[in-house]
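Student: Residue numbers (the working numbering), protein chains in the order written: chain V, -3 to 320; chain C, 263 to 626.
Cβ coordinates follow ideal geometry from the N, Cα and C atoms, glycine included.
It should be emphasised that the depicted structure is a prediction, and the values quoted were computed from it without experimental measurement.
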Amino acid sequence: MEKLTMAKALNRGMRRALQADPKVLLAGEDIGKLGGVFRVTEGLQAEFGENRVIDSPLAESGIVGTAIGLAMRGYRTVMEIQFDGFVYPAFSQIVSQLARMHGRTGGKVPMPVVIRIPYGGGIGSIEHHSESPEAYFAHTPGLKVVTPSNPNDAYWMIQQSIRSDDPVIFLEPKRRYQTKGGVDFESRPAPLHSASIARYGTDATLLAYGPTVPTCLEAADIAAEEGRSLEVVDLRTLSPIDWVTLMNSVSRTKRAIVVHEAHLSLGMGSEIAARLHEELFYVMESPVLRVTGYDMPYPPARVEHQYLPGVDRILDAVDKSLAY
Amino acid sequence: MLGQSDDMVQLLTPDGRRVDHPEFTFRGTTDDLLRSLRDMWLGRRFDVEAIALQRHGELGMWPPQLGQEAAQIGAARAIRDGDHVFPSYREHSMALALGVPMQQILGFFRGTDAGIWEMNDKFRTYALVIGVQTLHAVGYAMGLQFDGLVGNDDESTNSGVMVFHGDGASSQGDVNEAYVFAASYNAPVVFFCQNNQWAISEPITLQSRIPLYERARGFGFPGIQVDGNDVLAVQAVSEWAMDRARRGDGPTFIEAYTYRMGAHTTADDPTKYRARDEEEAWRGRDPINRLVAHLRDIDAIDDAHLKALEEEADELGVRTRASIKELTDRTMDELFAGVYAEPTVALEAQRRQFKEFADSFEED
Chain V
-3 MEKLTMAKAL
7 NRGMRRALQA
17 DPKVLLAGED
27 IGKLGGVFRV
37 TEGLQAEFGE
47 NRVIDSPLAE
57 SGIVGTAIGL
67 AMRGYRTVME
77 IQFDGFVYPA
87 FSQIVSQLAR
97 MHGRTGGKVP
107 MPVVIRIPYG
117 GGIGSIEHHS
127 ESPEAYFAHT
137 PGLKVVTPSN
147 PNDAYWMIQQ
157 SIRSDDPVIF
167 LEPKRRYQTK
177 GGVDFESRPA
187 PLHSASIARY
197 GTDATLLAYG
207 PTVPTCLEAA
217 DIAAEEGRSL
227 EVVDLRTLSP
237 IDWVTLMNSV
247 SRTKRAIVVH
257 EAHLSLGMGS
267 EIAARLHEEL
277 FYVMESPVLR
287 VTGYDMPYPP
297 ARVEHQYLPG
307 VDRILDAVDK
317 SLAY
Chain C
263 MLGQSDDMVQ
273 LLTPDGRRVD
283 HPEFTFRGTT
293 DDLLRSLRDM
303 WLGRRFDVEA
313 IALQRHGELG
323 MWPPQLGQEA
333 AQIGAARAIR
343 DGDHVFPSYR
353 EHSMALALGV
363 PMQQILGFFR
373 GTDAGIWEMN
383 DKFRTYALVI
393 GVQTLHAVGY
403 AMGLQFDGLV
413 GNDDESTNSG
423 VMVFHGDGAS
433 SQGDVNEAYV
443 FAASYNAPVV
453 FFCQNNQWAI
463 SEPITLQSRI
473 PLYERARGFG
483 FPGIQVDGND
493 VLAVQAVSEW
503 AMDRARRGDG
513 PTFIEAYTYR
523 MGAHTTADDP
533 TKYRARDEEE
543 AWRGRDPINR
553 LVAHLRDIDA
563 IDDAHLKALE
573 EEADELGVRT
583 RASIKELTDR
593 TMDELFAGVY
603 AEPTVALEAQ
613 RRQFKEFADS
623 FEED
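1. I think V:Asp162 touches C:Tyr602, with their Cβ atoms under 8 Å apart; what is that distance to the nearest whole Å?
2. Tell me whether V:Ala258 sits in a helix, a strand or coil according to DSSP, three-state version.
3. Indicate the three-state DSSP secondary structure (helix, strand or coil) for V:Pro169 in the structure shown.
4. Take C:Tyr351 and list the residues in its own chain whose beta-carbon comes closer than 8 Å to its own, dropping the five residues that flank it on each side.
5. If you pair each beta-carbon of the segment 137 to 144 of chain V with each one of the segment 271 to 291 of chain C, do three or more pairs fall below 8 Å?
6. Indicate whether C:Met302 and C:Ala332 have their beta-carbon atoms separated by less than 8 Å.
7. Could you check the C-alpha separation between C:Leu568 and C:Arg307 for me, to the nearest Å?
8. For V:Arg232, would you say it is in contact with chain C, using Cβ-to-Cβ distances shorter than 8 Å as the test?
9. What does V:Ile237 reach in chain D if we use C-beta pairs closer than 7 Å?
10. Give the list of continuous alpha helix (DSSP H) stretches no shorter than 4 residues that lie fully inside the segment 394 to 421 of chain C.
11. Taking the beta strand (DSSP E) that V:Lys22 falls in, what are its first and last residues?
12. Going along chain V, which residues have a C-beta under 9 Å from C:Val394?
13. Just list the residues that DSSP pairs V:Val164 with in beta bridges.
14. For chain V, is any of its Cβ atoms less than 8 Å away from the one on C:Ser446?
15. Taking the alpha carbon of C:Phe453 as the reference point, which residue from C:Gln469, C:Ile516, C:Phe286 and C:Ser421 has its own alpha carbon closest?
16. Would you say C:Glu604 faces chain V, with C-beta separation under 8 Å as the test?
17. If contact means a Cβ-Cβ distance below 7 Å, which residues of the segment 137 to 150 of chain V contact chain C?
18. Check whether chain C comes within 8 Å of V:Tyr132, counting only Cβ atoms and requiring the distance to be less than that.
19. Anything in chain V within Cβ reach of C:Asp345, meaning under 8 Å, just list it in chain order.
20. Going by C-alpha to C-alpha distance, which of C:Pro605, C:Leu474, C:Leu589 and C:Gly344 sits closest to C:Leu321?
21. Comparing C-alpha positions only, which one of V:Gly177, V:Thr241, V:Ser126 and V:Glu130 sits nearest to V:Ala150?
22. So what's C:His567 in DSSP terms, helix, strand or just coil?
23. Tell me which residue opens and which closes the beta strand (DSSP E) that V:Asp230 is part of.
24. What residues in its chain sit with their C-beta under 8 Å from that of V:Lys4, if we drop five residues either side in the sequence?
25. Can you look up C:Trp667 in the DSSP assignment and give me helix, strand or coil?
26. Does the segment 107 to 126 of chain V come into contact with the segment 185 to 199 of chain V, if we say contact requires no fewer than three beta-carbon pairs (one atom in each stretch) closer than 8 Å?
27. Going by alpha carbons, who is nearest to C:Asn457 out of C:Ala440, C:Ser432, C:Ala478 and C:Ser463?
28. Should V:Val49 and V:Gly28 be called a contact, given that it needs their Cβ atoms to be closer than 8 Å?
29. Express the C-alpha separation of V:Glu281 and V:Thr263 in angstroms, rounding to a whole number.
30. From the beta carbon of C:Phe408, is the nearest beta carbon of chain V less than 8 Å away?
31. Is C:Leu701 helix, strand or coil when you go by DSSP?
32. Are C:Ala507 and C:Val423 closer than 8 Å when you measure CB to CB?
33. Helix or strand or just coil, what does DSSP make of V:Tyr320?
34. For C:Val437, decide whether its Cβ has a neighbour in chain V, counting only Cβ atoms nearer than 8 Å.
35. So what does DSSP say about V:Pro296, is it helix, strand or coil?
36. Is it buried or exposed for V:Met2, if we count other Cβ within 10 angstroms and need 16 for buried?
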């Protein structure tokens, strides 16, 4: 199996989508000659031309708004928002227009639009470059929200998102861009809106997505040395959530800990905890715990390690869960 | 008038006298004018009927368009097959003139439809969030370019986009971004701004300290002010701008200088913020009276013609009132189904829950 970084895997996936369908366009700031600030679109404008890989003016709402118009014309635009913290100027177009268009036109105007957003912290960057805005989008009916945690998923999920007739918020864990992993170009991928078991275990389930999946796998390795068997579920899809896979896992382990970088209150963990309690109240041995960022604006880089859910905080939560 | 330019294109004075303009000539026929008179007349009646329906509790709200008929119908004359119009939410005369069934407009304001579910291939859906549609229009226009439908030697294969917004929208970020994108990509789009002087209670002076059309130059494309109550001038300027778009010459900004004679919506009360003599002054510039005076001058119409028009308007009124009763509510099933193109297991579960709950009452 060829080993690629996640950035390269995304590049290959988009390249394949551009080859497969002449209606696929890429748009965003600096995605052309520069190849994006993370080089995810490197070389694509040279290969497909300026009319298919489009450098946009510096206006996020404009990028999303014009992609909506292009979708009305039958184009599938994959746009790049340069950083998570810069998506908010486009929030109105995403939430009040993109998400609603299919419904308000009685299904006559689908919106096959993908919004790629590098997200999350841990790269020592400055203000507005380390946010985790997923809950805003997952809260909005009409949008779908997915996030890969490894290069193979990145390669396939970006293509599946582009083929989707619904708007997809595609969150890319930027601190994992340069992590290498095997990419299987041949095997049929799992459905886009399915979770996967990243590691099997019996004592408790860690529920994670995007950047925290590798952190949870590391925590599970350490726990194993102490004789504890942790299962790690990679959610992959945040809207809709693959409840069957989550509940099957938690039904077996009877304990669940949600791990994400985003703020605690009303985050993905809140919804997951609520649903697991509703459905598995008599099955679980302990309440669902959450290991997340705190309810503060993302901190300055020098202290971000204290804010981010790391291995120690995860293992501490495992201890609490098992002590119930 | 404040913000009115000496260069404003006018081909018909407020009292209906035909005048020339050095750059713009009316290329339409008398038949065009008769058609415009009919569209304006029926558009006005439709609007009056809708206001009455709102007062009877049949519509949740209605944004009246009284006074803006010439701006819309003059623009409609410049739209041909293959062109696309992105409205704001007050373009009722335009919608009817471009063949949108009245039920679809009424359903939106009655609350039977969440949006406007089905327009036709010329006229997209109303947009209530101020200015958002300008970006959709520019994206759509870029799509026309990519599809090879702009700037062809065979002029008949070319298409363009016209998007409506108001004076208030000119302050919105989205609208300014739309100007930037349109200019950068030389998109085949005409920004048609109905400057009706008031954004609810806020006068145009709060949005702009210069005439709006002058802003276009700063974005890198021509802006032109036209007497929005002069249907001949609006048609002439709109045809010129749409030709430019289709030819591949890029965007144009048209400021149709007009006046919102009525309230912003049926929930508004203009007596709280504007003077009655201002309204009276604009009453003297009424777009329909002006065209009638001109058509009488050239002996194109007589009393019998107007009487026939009024009878047709009466029929339209009857149809408007009847069509309200024909509208049916959307079902929860339809609304659940509309959220996604590709249904999700999670939402299907909610649909089932709703159905089970609703059915539990029917069994009693």
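Tutor: Reading it off the structure:
1. Translated into positions along the first sequence, residue 162 of chain V becomes position 166. Translated into positions along the second sequence, residue 602 of chain C becomes position 340. Confirmed, Cβ separation roughly 5 Å.
2. Residue numbering aside, residue 258 of chain V sits at position 262 when the first sequence is read from its first letter. Correct three-state label for V:Ala258: strand.
3. Position 173 of the first sequence, counted from the start, is the residue given in the question as residue 169 of chain V. DSSP places V:Pro169 in strand when its eight states are reduced to three.
4. Start at 1 with the first residue of the second sequence, and residue 351 of chain C comes out as number 89. Excluding residues within five positions, the ones whose Cβ falls inside 8 Å are Pro325, Tyr388, Ala389 and Leu390.
5. no
6. Here residue 302 of chain C corresponds to residue number 40 of the second sequence, with the count starting at 1. Here residue 332 of chain C corresponds to residue number 70 of the second sequence, with the count starting at 1. Yes, these two residues count as a Cβ contact at 8 Å.
7. Sequence index remark: in the second sequence, residue 568 of chain C carries index 306 (1-based). Sequence index remark: in the second sequence, residue 307 of chain C carries index 45 (1-based). If I take the Cα positions, the gap works out to 14 Å.
8. Within the first sequence, numbered from 1, the residue matching residue 232 of chain V stands at position 236. No, V:Arg232 does not count as interfacial toward chain C.
9. The structure shown contains no chain D; its protein chains are V and C.
10. 394 to 408
11. As a first step, residue 22 of chain V must be located in the first sequence, where it is residue number 26. Per the sequence shown, residue 22 of chain V should be read as Leu rather than Lys. Val20 to Gly24 is the extent of the beta strand (DSSP E) around V:Leu22.
12. The count along the second sequence starts at 1 and reaches residue 394 of chain C at position 132. Ordered by position in chain V, the residues that pass the 9 Å Cβ test against C:Val394 are Ser57, Gly61, Ile64, Ser88, Gln89, Ser92 and Gln93.
13. Residue numbering aside, residue 164 of chain V sits at position 168 when the first sequence is read from its first letter. Paired residue(s): V:Val110 and V:Lys140.
14. As a position in the second sequence, residue 446 of chain C is number 184, starting the count at 1. Yes, C:Ser446 counts as interfacial toward chain V.
15. Sequence index remark: in the second sequence, residue 453 of chain C carries index 191 (1-based). Minimum Cα distance to C:Phe453 is reached at C:Ile516.
16. The residue you call residue 604 of chain C lines up with position 342 of the second sequence. So yes, C:Glu604 belongs to the interface.
17. Pro137 and Gly138
18. Position 136 of the first sequence holds residue 132 of chain V. No, because no Cβ of chain C sits closer than 8 Å to the Cβ of V:Tyr132.
19. The residue given as residue 345 of chain C occupies position 83 in the second sequence. Under the 8 Å cutoff, chain V gives no residues; its nearest Cβ is about 13 Å from C:Asp345.
20. Locating residue 321 of chain C in the second sequence gives position 59, counting from the first residue. The option with the nearest alpha carbon to C:Leu321 is C:Leu589.
21. Position 154 of the first sequence, counted from the first residue, corresponds to residue 150 of chain V. If we check each option's Cα against that of V:Ala150, V:Gly177 comes out closest.
22. By one-based count along the second sequence, residue 567 of chain C stands at place 305. Of the three classes helix, strand and coil, the one that applies to C:His567 here is helix, per DSSP.
23. As a first step, residue 230 of chain V must be located in the first sequence, where it is residue number 234. Run containing V:Asp230: Leu226 to Asp230, per the beta strand (DSSP E) assignment.
24. The sequence position of residue 4 of chain V within the first sequence is 8, counting from 1. Excluding positions up to five away in sequence, the list reads Pro147.
25. Beyond the ends of chain C as shown, which are 263 and 626, falls residue 667 of chain C; an answer cannot be given.
26. no
27. Against the second sequence, residue 457 of chain C aligns to sequence position 195. Comparing Cα-Cα distances from C:Asn457 to each of C:Ala440, C:Ser432, C:Ala478 and C:Ser463, the minimum goes to C:Ser432.
28. Start at 1 with the first residue of the first sequence, and residue 49 of chain V comes out as number 53. Start at 1 with the first residue of the first sequence, and residue 28 of chain V comes out as number 32. Taking 8 Å as the Cβ cut-off, V:Val49 and V:Gly28 qualify as a contacting pair.
29. Along the first sequence, one-based indexing puts residue 263 of chain V at 267. Along the first sequence, one-based indexing puts residue 281 of chain V at 285. Correcting the residue type first, residue 263 of chain V is Gly in the shown sequence and not Thr. About 23 Å.
30. Within the second sequence, residue 408 of chain C is the residue found at index 146, counting from 1. Interface residue, yes.
31. Because chain C here runs from 263 to 626, residue 701 of chain C falls outside it and cannot be looked at.
32. As a first step, residue 507 of chain C is located in the second sequence; it is residue number 245 there, counting from the start. As a first step, residue 423 of chain C is located in the second sequence; it is residue number 161 there, counting from the start. In contact: C:Ala507 and C:Val423 (Cβ atoms closer than 8 Å).
33. Stepping through the first sequence from its first residue, residue 320 of chain V is reached at position 324. Correct three-state label for V:Tyr320: coil.
34. Counted from its first residue, the second sequence places residue 437 of chain C at position 175. Output row for C:Val437: interface = no.
35. Looking up residue 296 of chain V in the first sequence gives position 300. Here V:Pro296 sits in coil by DSSP.
36. Counted from its first residue, the first sequence places residue 2 of chain V at position 6. Buried, because 16 or more other Cβ atoms sit within 10 Å of the Cβ of V:Met2.
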